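Heads up: the structure comes next, in structure tokens.
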Amino acid sequence: MELEAEFERVLAADQRVEPRDWMPDGYRRTLVRQIAQHAHSEIIGMQPEGNWISRAPSLRRKAILLAKVQDEAGHGLYLYAAAETLGADRADLTERLITGRQKYSSIFNYPTLTFADVGVIGWLVDGAAICNQVPLCRTSYGPYARAMIRVCKEESFHQRQGYELLATMMAGTDAQRSMVQDAVDRWWWPSLMMFGPPDAESANTERSVAWRIKRNTNDELRQKFVDMTVPQAAKLGVTLPDPELRWNAERGHHDFGTPDWDEFRRVVGGDGPCNAQRVAHRRTAHEEGEWVRAAATAHAAKRAAREAGAA
Ligand code: BYC
Numbered sequence: 001m002e003l004e005a006e007f008e009r010v011l012a013a014d015q016r017v018e019p020r021d022w023m024p025d026g027y028r029r030t031l032v033r034q035i036a037q038h039a040h041s042e043i044i045g046m047q048p049e050g051n052w053i054s055r056a057p058s059l060r061r062k063a064i065l066l067a068k069v070q071d072e073a074g075h076g077l078y079l080y081a082a083a084e085t086l087g088a089d090r091a092d093l094t095e096r097l098i099t100g101r102q103k104y105s106s107i108f109n110y111p112t113l114t115f116a117d118v119g120v121i122g123w124l125v126d127g128a129a130i131c132n133q134v135p136l137c138r139t140s141y142g143p144y145a146r147a148m149i150r151v152c153k154e155e156s157f158h159q160r161q162g163y164e165l166l167a168t169m170m171a172g173t174d175a176q177r178s179m180v181q182d183a184v185d186r187w188w189w190p191s192l193m194m195f196g197p198p199d200a201e202s203a204n205t206e207r208s209v210a211w212r213i214k215r216n217t218n219d220e221l222r223q224k225f226v227d228m229t230v231p232q233a234a235k236l237g238v239t240l241p242d243p244e245l246r247w248n249a250e251r252g253h254h255d256f257g258t259p260d261w262d263e264f265r266r267v268v269g270g271d272g273p274c275n276a277q278r279v280a281h282r283r284t285a286h287e288e289g290e291w292v293r294a295a296a297t298a299h300a301a302k303r304a305a306r307e308a309g310a311a
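Here the sequence shown is numbered in this note's numbering, starting from 1 and rising by one per residue.
What follows is the structure in structure tokens.
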């Protein structure tokens, strides 16, 4: 009772819960679920853009893309480390990902067909990620909140590089401009789906907001993203593919159409355009990396034995 009261006091005072503090089992389970899913998204998220590293149109674009994809790997590592502070085992989380027992973001199950997709992922997908993750810098679990601070700084850079790439293409030829518009048409609705199902259908939001794990609901953040993106689209000179999109002066927000939630459910359920390919690729990388893990473990053991001998 005392421990629970202390936990509630920490939440009410908007302080952080730390790894050694008492916490309800459901709070721990929810965090492991969300953080693991988030970590898996960063790691799987390397694949769609990684597809273009060897075919980037210039050395400059290749260097930028390499750095960005490498950042995503780093984000995955911070997040797996945050999950470990809750008692999760990283090898077990990876096993759950490659056997389809844990989710990752729906957005990474769509193909990257042209180099404009690299720009649109930076602009829209990283833009959506920022909207979702900036509030998570104030999430109630300390290690997750602290990981998010660095992640958000890097995501802001990613978003800017995407926008800069698109602005360059929009100032190019007609063929480049239509490539950008085609990519925007394909990625707009999946980007809106990143925020999760509508609040009325979101099983976890109410509990997670009460625990201050989530600081906003899915619909609040989706609205914020639309409001933020519309003027950027106008500045770029692209059209967002939604005939219902318009400013609503009364609400002080943009009205917008309804994403295809059947498609969302299909993609989350494993039946998107690239689900099988993404998981198979991750599984192969994991299996082919076995010798690296074995070598690192053997090296650590040898070093520990040498140090024990010297002592
Ligand atoms: N895709 O009750 P709800 C990145 C699941 S990384 C797949 O609203 P919650 C980036 C949800 O898990 C992007 N599944 O859930 C990386 C739940 O299923 P379970 C990832 C989704 O957790 C590289 C069920 O649907 N970002 O940005 O309260 C390059 C019901 O949903 C999705 C994060 O993970 C989805 N889109 O809210 C570039 C951020 N949406 O687990 C960029 C952290 C929902 O009950 N996560 N589901 O079986 C969150 O903020 C929350 O987990 C969500 C969902 C808003 C995503």
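For every residue, glycine included, the Cβ atom is placed at its ideal position computed from N, Cα and C.
Note that the structure is a prediction, hence the values are computed from the model and not measured.
Within a 10 Å sphere around the beta-carbon of residue 159 sit 16 or more other beta-carbons, which makes this residue buried. If you draw a straight line from the Cα of residue 308 to the Cα of residue 301, it comes to about 10 Å. Beta-bridge partners assigned by DSSP to residue 248: 253. In the same chain as residue 217, and ignoring 5 residues on each side of it, the C-beta atoms closer than 6 Å to its own belong to 199, 205, in chain order. Excluding residues up to 5 positions away in sequence, 107, 124, 125, 127, 128, 225 lie with their Cβ nearer than 8 Å to the Cβ of residue 191 in the same chain. Secondary structure of residue 230 (DSSP, three-state): helix. DSSP, reduced to helix, strand and coil, places residue 134 outside both helices and strands of the structure shown, so it counts as coil. Bridge partners of residue 17 according to DSSP: 141. Membership of residue 214 in any alpha helix (DSSP H) is not indicated, and neither H nor E is assigned to it by DSSP. Residue 197 and residue 268 have their C-alpha atoms spaced approximately 11 Å apart. Within a 10 Å sphere around the beta-carbon of residue 243 sit fewer than 16 other beta-carbons, which makes this residue exposed. Leaving aside the five residues that flank residue 174 on each side, none in its chain has a CB nearer than 6 Å to its CB. Contact between residue 240 and residue 188 holds: CB atoms are separated by about 6 Å, below the 8 Å threshold.
According to the DSSP assignment, residue 262 belongs to the alpha helix (DSSP H) that extends over 261-268. Here DSSP, grouped into helix, strand and coil, assigns residue 103 to coil. In this structure, the beta-carbon distance from residue 112 to residue 51 falls below 7 Å.
Here residue 19 is near residue 85, since their CB atoms are less than 7 Å apart. Look at residue 189 here: in three-state DSSP terms it is helix. The way I'd put it, the region 7-14 doesn't touch the region 68-80; fewer than three beta-carbon pairs between them come closer than 8 Å. Counted as a single uninterrupted DSSP element, the alpha helix (DSSP H) harbouring residue 41 occupies residues 25-44. Non-local beta-carbon contacts of residue 153 in its own chain, meaning distances under 6 Å to residues more than five positions away in sequence, are absent. Residue 93 and residue 83 do touch by the CB rule: their CB atoms are close to 6 Å apart, below 8 Å.
With a threshold of 6 Å, the Cβ atom of residue 259 does not count as near the ligand BYC, since no heavy atom of the ligand is closer than that. Residue 219 holds the alpha-carbon nearest to the alpha-carbon of residue 256 among 210, 46, 294, 219.
When the alpha-carbon of residue 61 is set against those of 186, 34, 162, 146, the nearest one is in 162. Close CB contacts of residue 278 within its chain, under the 7 Å cut and outside five residues either way in sequence, are with 44, 47, 108, 109 (chain order).
Here DSSP, grouped into helix, strand and coil, assigns residue 89 to coil.
Here the alpha carbon of residue 147 sits roughly 11 Å from the alpha carbon of residue 39. When only Cα atoms are considered, residue 58 and residue 305 end up about 48 Å apart.
Check the Cα spacing between residue 165 and each of 183, 150, 149, 151: the tightest is with 183.
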